[in-house]
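Trainee: One structure, pasted below without further comment.
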Amino acid sequence: MALSVALPALPAVAAMPGDVKEALPALTVMMVNGAVNILIAVLILIAGWMVARWVGRWVHDLIGRSHYIDDTLKPLISNFAAYVILAITVVAVLGQFGVQTTSLIALLGAAGLAVGLALQGTLSNVASGVMLLLLRPFRVYEKIKVGEAVGTVREIGLFRTELVTDEGNFLSIPNATVFSGTITNLSRETTRRTNFTIEVDRGEDIDAVQKSILDTLTREPRVLKAPACFVEVDTLGAVSTTLAVHAWVRNNDFAGTLSDIKKRVRQALQEGDVSAPVPVPAPAVAPWQPPAEKPANKHAKPN
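Per this note's numbering, the sequence shown starts with residue 6, numbered consecutively.
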């Protein structure tokens with residue numbers, strides 16, 4: 006059985022009060038104008054969004070082929086161009102509704118103050134990002150160490166710095182943390198010194214071992230002649246002597262060169278019959294036990 010719902014009848018125009026009938030044309034014009042303004046504002050917003058994305062990609066491709074702009078600044082410039090188009094679009098949309106520019110600037114100033122007080126931590130990241138771009142302690146594609154994080158810089162944004170570790174892990178660090186901490190740039194200098202230690206038996210001739218290691222380093226073509234490499238005594242233990250090996254190499258292949266140097270030194274020591282330290286086991290000590298009590302003498306005479 007079909008259900009019928011009775012709709013309330015709309016009042017006829019003739020039955021309306023006189024003042025309403027007089028204002029009806031003006032209201033109709035206002036509604037039509039409002040609908041047209043909303044439609045135009047939506048079209049401006051969509052067009053501005055599309056133009057901002059296109060300009061951002063175009064600027065990114067344009068400066069990507071330039072050799073005169075640093076790679077660190079390229080993402081920032083392309084994003085800034087897109088944000089400028091979006092800001093112009095917002096102003097145009099608000100102007101469609103009759104918002105005055107002076108009022109808009111005052112409104113944005115008040116809103117900016119409120120947002121700035123509420124987002125002090127975020128704004129500190131922006132300020133730190135600007136200082137990183139100005140001071141340039143590192144650039145894109147350089148390998149750095151910040152605290153416990155080590156990786157190659159992918160991008161320096163306004164809020165966060167992106168790194169990629171040697172294992173392929175993605176790291177995103179707030180700019181305030183990066184700028185306030187100690188930054189170690191592992192790629193800035195062209196040369197770098199190796200630092201690793203070797204343990205030999207305490208009975209080995211230290212001078213002969215040092216000479217063998219230095220001869221091995223001299224024969225390695227990737228070890229630089231200046232500054233000169235050297236081997237020094239690090240620690241003197243009870244059963245071993247620890248030697249520290251220092252050699253300067255090119256920084257562009259530091260990890261591979263260091264691995265090969267360690268292998269060459271180990272082979273040279275094995276060929277020279279240099280003994281590794283033999284750990285001395287601790288002497289076996291029987292656990293302490295309290296002395297057994299002597300039994301009382303049953304035949305003892307009382308005093």
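All residues carry an ideal CB built from backbone N, CA and C; glycine is no exception.
In or out: LEU168 buried (at least 16 other Cβ within 10 Å) or exposed?
Mentor: buried
Trainee: Where do the N-terminal and C-terminal ends of the beta strand (DSSP E) with THR4 fall, by residue?
Mentor: In this structure the chain extends from 6 to 308, so residue 4 is not present and cannot be described.
Trainee: Are the C-beta of GLU276 and some C-beta of chain B separated by less than 9 Å?
Mentor: Protein chains in the displayed structure number just one, and chain B is not present.
Trainee: Determine, using beta carbons only, whether VAL279 and VAL244 come nearer to each other than 9 Å.
Mentor: no
Trainee: For a test of the three-state rule: what should DSSP assign to THR221, helix, strand or coil?
Mentor: helix
Trainee: Quick one, are the C-beta atoms of LEU219 and VAL254 less than 9 Å apart?
Mentor: no
Trainee: Between the C-alpha atoms of SER133 and ALA92, what's the straight-line distance to the nearest angstrom?
Mentor: So the two alpha carbons sit approximately 24 Å from each other.
Trainee: Out of PRO226, THR240, ALA273, which has the shortest C-alpha to C-alpha gap to ALA213?
Mentor: ALA273
Trainee: Is VAL18 buried or exposed, if buried means 16 or more other CB atoms sit within 10 Å of its CB?
Mentor: Because the pLDDT at VAL18 is just 49, under 50, the model does not fix this residue reliably, and the value given afterwards should be weighed accordingly. It counts as exposed.
Trainee: Is the Cβ-Cβ distance between GLY61 and ALA40 less than 9 Å?
Mentor: no
Trainee: So, helix, strand or coil for PRO142, using DSSP?
Mentor: When secondary structure is reduced to three states using DSSP, PRO142 falls in the coil class, being assigned neither helix nor strand.
Trainee: Report yes if the C-beta distance between ILE203 and THR247 is below 9 Å; otherwise report no.
Mentor: The answer is yes: Cβ separation under 9 Å.
Trainee: Quick check on the burial criterion: 16 or more other C-beta atoms within 10 angstroms. Buried or exposed for ILE51?
Mentor: Residue environment analysis places ILE51 among the exposed positions, since fewer than 16 neighbouring C-beta atoms fall within 10 angstroms of its C-beta.
Trainee: Determine the contact status of ASN84 and LEU163, defining contact as a CB-CB distance below 9 Å.
Mentor: yes
Trainee: State the Cα-Cα distance for the pair THR157 and ALA57, rounded to the nearest angstrom.
Mentor: 30 Å
Trainee: List the DSSP bridge partners of GLU237.
Mentor: ALA249
Trainee: Starting from the Cα of VAL47, find the closest Cα among LEU99, PRO179, VAL183 and give me that residue.
Mentor: Checking every option, the nearest Cα to that of VAL47 belongs to LEU99.
Trainee: Going by alpha carbons, who is nearest to LYS148 out of LEU191, VAL238, GLY173?
Mentor: LEU191
Trainee: Indicate the three-state DSSP secondary structure (helix, strand or coil) for THR170 in the structure shown.
Mentor: coil
Trainee: Between which two residues does the alpha helix (DSSP H) carrying VAL244 extend?
Mentor: Note, VAL244: premise wrong, no alpha helix (DSSP H); not H, not E.
Trainee: Return the chain-ordered list of same chain residues with a C-beta closer than 8 Å to the C-beta of ASN200, the five sequence neighbours on each side being excluded.
Mentor: Closer than 8 Å at the Cβ level, and outside the excluded window around ASN200, lie ALA249, VAL250, HIS251.
Trainee: Please name the residue, chosen from ALA97, GLU276, VAL64, ASN256, that lies closest to ARG198 on a Cα-to-Cα basis.
Mentor: ASN256
Trainee: For SER185, which of helix, strand or coil comes out of DSSP?
Mentor: helix
Trainee: So, with DSSP's three-state summary, where would you put ALA111?
Mentor: In the structure shown, ALA111 sits in a helix (DSSP, three-state: H, G or I).
Trainee: Under a Cβ-count criterion, where at least 16 other Cβ atoms within 10 Å of its own Cβ denotes burial, should LEU44 be classed as buried or exposed?
Mentor: Its Cβ having fewer than 16 others within 10 Å, LEU44 is exposed.
Trainee: Does DSSP put VAL279 in a helix, in a strand, or in coil?
Mentor: Three-state DSSP puts VAL279 in coil, outside helix and strand.
Trainee: Looking at THR170 and PRO179, is the spacing between their C-beta atoms short of 9 Å?
Mentor: no
Trainee: Just to confirm before moving on: does the CB-CB distance between TRP63 and THR94 stay below 9 Å?
Mentor: no
Trainee: Residue range of the alpha helix (DSSP H) that PHE85 falls in?
Mentor: 79-101
Trainee: Label GLN275 either buried or exposed according to how many other C-beta atoms from any shown protein chain fall within 10 Å of its C-beta, with 16 as the threshold for buried.
Mentor: exposed
Trainee: Give the straight-line distance between the Cα atoms of PRO145 and GLY242, rounded to the nearest whole angstrom.
Mentor: Sequence check: residue 145 is Val here, not Pro. Each residue's alpha carbon lies about 45 Å from the other.
Trainee: If you draw a straight line from the alpha carbon of GLU225 to that of ARG193, how long is it in whole angstroms?
Mentor: 24 Å
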